[in-house]
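Chemist: Residue numbers (my numbering): 3 to 291. In this text, a Cβ means the ideal position worked out from N, Cα and C, and glycines have one as well.
1) For residue 164, which of 175, 202, 184 has the nearest alpha-carbon?
2) Looking only at its chain, what residues have a beta carbon closer than 6 Å to the beta carbon of residue 142, apart from the 5 residues adjacent to it on each side?
3) What's the gap between the Cα of residue 129 and the Cα of residue 155?
4) Measuring alpha carbon to alpha carbon, tell me which residue in 126, 290, 87, 140 is nearest residue 159.
5) Rounding to the nearest angstrom, what Cα-Cα distance links residue 194 and residue 258 in this structure?
6) Is it buried or exposed, residue 273, if we count other Cβ atoms within 10 angstroms and call 16 or more buried?
7) Between the C-alpha atoms of residue 64 and residue 73, what's the straight-line distance to the nearest angstrom?
8) Please classify residue 22: is it buried, with 16 or more other beta-carbons within 10 angstroms of its beta-carbon, or exposed?
9) Measure from the alpha carbon of residue 95 to the alpha carbon of each residue in 58, 209, 146, 281, then state which is nearest.
10) By how many angstroms is the C-alpha of residue 67 removed from the C-alpha of residue 52?
11) May I have the straight-line CA-CA distance separating residue 37 from residue 283, to the nearest angstrom?
12) My assumption, with CB atoms under 8 Å, is that residue 206 sits in contact with residue 276. Please give the rounded CB distance.
13) Measuring CA to CA, which of 20, 11, 12 is closest to residue 286?
14) What would DSSP say about residue 95, mapped onto helix, strand or coil?
15) Leaving aside the five residues before and after residue 153 along the sequence, list all residues of the same chain whose C-beta is less than 7 Å from its C-beta, in chain order.
16) Is the beta carbon of residue 180 closer than 8 Å to that of residue 202?
17) Determine the burial state of residue 81: buried for a count of at least 16 other Cβ atoms within 10 Å of its Cβ, exposed for fewer.
18) Please classify residue 243: is it buried, with 16 or more other beta-carbons within 10 angstroms of its beta-carbon, or exposed?
19) Do the CB positions of residue 249 and residue 146 come within less than 8 Å of each other?
20) Could you give the distance in angstroms between the alpha-carbon of residue 168 and the alpha-carbon of residue 214?
21) Using beta-carbon positions only, say whether residue 118 and residue 150 come within less than 8 Å of one another.
22) Consult DSSP for residue 207 and reduce its assignment to one of helix, strand or coil.
23) Over the uninterrupted beta strand (DSSP E) stretch that includes residue 217, give me the two end residues.
24) Can you tell me whether DSSP reads residue 202 as helix, strand or coil?
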């Protein structure tokens, strides 16, 4: 088990979060910022100007050109990343879906920390779990393991309304892991709020195969996992087709909302190959590199 665990993390060490934002934190990190600073990564030379640090003059270049040039270096600073995990009842109701949701949250949290970015992990709607804030690769394994060990517990309210109450100040990259099974209007309000905060967003919609292709038939009782409301229906091919059509339209609208606000949208299922999702789909969507 330990060998398999180490192998999995070793593969994740190859990945980094891709961000277009030019804003960076004030602390040193592991990614190259779009400005010049004091890291050891050489950029280029420029002519010396009054006020420059004379210690940065390259005397070897002066010997060849008889002109004073200084070296420029690229600054390496951290990115502030928040991973929001939807912990509502609809996410916890199926074991395979809940397990994959935790795997996704643990994976993106680990990638952020291994890249020396500043991580906040928030299990949204949980009553008894506080936000986790860490910085540095030294915490990667522990945070990864702790998220995987999250046990099911009571949740309160909807995902969208609870996330909207979380502070988004100073965050730069937001990763949202949710099933998206709330009214489109709720998500539109949420995404508008995040867009106003000038953040990059990666929304990952996760559904169980059972939710996409229900295996039920005949007379059944359906119970809403969020409201506990129930309804008795006779499930036949026509009703199933209508359900799948409505689900597809809902997902399409969620993806369209993400495009409208300039956010990345990815869709996956609890039975999808996680390695392919990370190393192929996330790279293709320029979420990871």
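Modeler: Per the coordinate set shown:
1) Nearest C-alpha to residue 164: 184.
2) Its chain contains 112, 115, 116 as the residues whose beta carbon lies nearer than 6 Å to that of residue 142, once the 5 sequence neighbours on both sides are disregarded; these appear in chain order.
3) Looking at the two C-alpha atoms, the distance is approximately 8 Å.
4) Taking only the C-alpha atoms, the option nearest residue 159 is 126.
5) Taking the straight line from one Cα to the other gives about 13 Å.
6) Per the 10 Å Cβ criterion, exposed.
7) Rounded to whole angstroms, residue 64 to residue 73 spans 12 Å at the Cα level.
8) By the 10 Å Cβ count, residue 22 comes out exposed.
9) It is 209.
10) The straight-line gap from Cα to Cα measures roughly 19 Å.
11) Low per-residue confidence applies at residue 37: pLDDT is 49, beneath 50, and the placement is therefore not dependable, though the value from the model is reported in the following sentence. One C-alpha to the other measures close to 30 Å.
12) The beta carbons of residue 206 and residue 276 sit about 12 Å from each other, so the pair does not count as a contact at 8 Å.
13) Considering only 20, 11, 12, the residue with the shortest C-alpha distance to residue 286 is 20.
14) In the structure shown, residue 95 sits in coil (DSSP, three-state: anything other than H, G, I, E or B).
15) Same-chain partners within the cutoff: there are none.
16) Not a contact, by the Cβ cut-off of 8 Å.
17) Burial call: buried.
18) Exposed: under 16 other Cβ atoms inside 10 Å.
19) Result no, Cβ atoms of residue 249 and residue 146 do not sit closer than 8 Å.
20) Each residue's Cα considered, the two are about 30 Å apart.
21) Taking 8 Å as the Cβ cut-off, residue 118 and residue 150 do not qualify as a contacting pair.
22) Residue state, collapsed to three classes: strand.
23) Annotation for residue 217: no beta strand (DSSP E) segment contains it, and DSSP assigns it neither H nor E.
24) The answer is strand: DSSP assigns residue 202 an E or B state.
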